[in-house]
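Novice: Residue numbers (the working numbering): 92 to 249.
Ideal Cβ positions, reconstructed from N, Cα and C, are used throughout, including at glycine.
1) In angstroms, rounded to a whole number, what distance separates the CA positions of residue 211 and residue 171?
2) So the candidates are 202, 155, 166 and 183; which of them puts its Cα closest to the Cα of residue 118?
3) Counting C-beta neighbours from all protein chains within 10 Å, is the total for residue 127 16 or more, i.e. buried, or is it exposed?
4) Enumerated in chain order, which unbroken segments of the alpha helix (DSSP H) with a length of 4 residues or greater are wholly contained in the stretch 166-237?
5) Mind checking residue 160: buried by the 16 CB within 10 Å criterion, or exposed?
6) Look up residue 127 in the DSSP assignment and say whether it is helix, strand or coil.
7) So residue 112 and residue 129 are in contact, right, with Cβ under 8 Å, and what is the actual spacing, rounded?
8) Buried or exposed: where does residue 176 fall if 16 or more other Cβ atoms within 10 Å of its Cβ makes it buried?
9) Near residue 203, what residues of its chain come up, given a Cβ to Cβ distance below 8 Å and the 5 sequence neighbours on each side ignored?
10) I'd like the span of the alpha helix (DSSP H) that includes residue 142, first residue to last.
11) Within 10 angstroms of the Cβ of residue 103, are there 16 or more other Cβ atoms? Answer buried if so, exposed if not.
12) Have a look at residue 207 and residue 190 and give me their C-alpha separation to the nearest angstrom.
13) Would you kindly check if the distance between the Cβ of residue 151 and the Cβ of residue 110 is under 9 Å?
14) Helix, strand or coil for residue 151 per DSSP?
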């Protein structure tokens, strides 16, 4: 179905349809363990996204990060873009989950331990940002234990 949608999208010049189909094909390739194909498909999908930050963009960035991590690779600019987009659209919980999985994949393929830990730290920051999204900053800042938690996590990540 994704290949058919991609063909139709190309035929009628619909970038959004092509982007969705390519992201779907990337996801299928990832689930089948075809990391190179997944990286290629997610990359193609990303090139068809406009300037709008949305869930589809975050999903494709996450898929690309997971596919690269399965090969022991990390592209910091792509991770940062995922974090930035996720913060804008409120997708931090999902980003945290995908980044934590990236860290596990990196560790599992024998990648640089510091790199895997760095990605895990970013996942923690996304999870924290998601947790704090609904917190009233004025009342939370009065809580000494809350401030200690935030300072500790930020210090550990830096």
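Specialist: With the given structure in hand:
1) 13 Å
2) 155
3) exposed
4) The stretch 166-237 contains these whole alpha helix (DSSP H) runs: 167-180, 183-199, 204-223 and 228-232.
5) Classification of residue 160: buried, given that the 10 Å Cβ count is 16 or more.
6) helix
7) Wrong, their Cβ atoms sit about 14 Å apart, outside the cutoff.
8) buried
9) For residue 203, same chain residues with a beta-carbon under 8 Å away, outside a window of 5 residues either side, are 197 in chain order.
10) Taken as a continuous stretch (DSSP letters only), residue 142 belongs to no alpha helix (DSSP H), as it is neither H nor E.
11) exposed
12) 10 Å
13) yes
14) Collapsing the DSSP output to three states places residue 151 in a helix.
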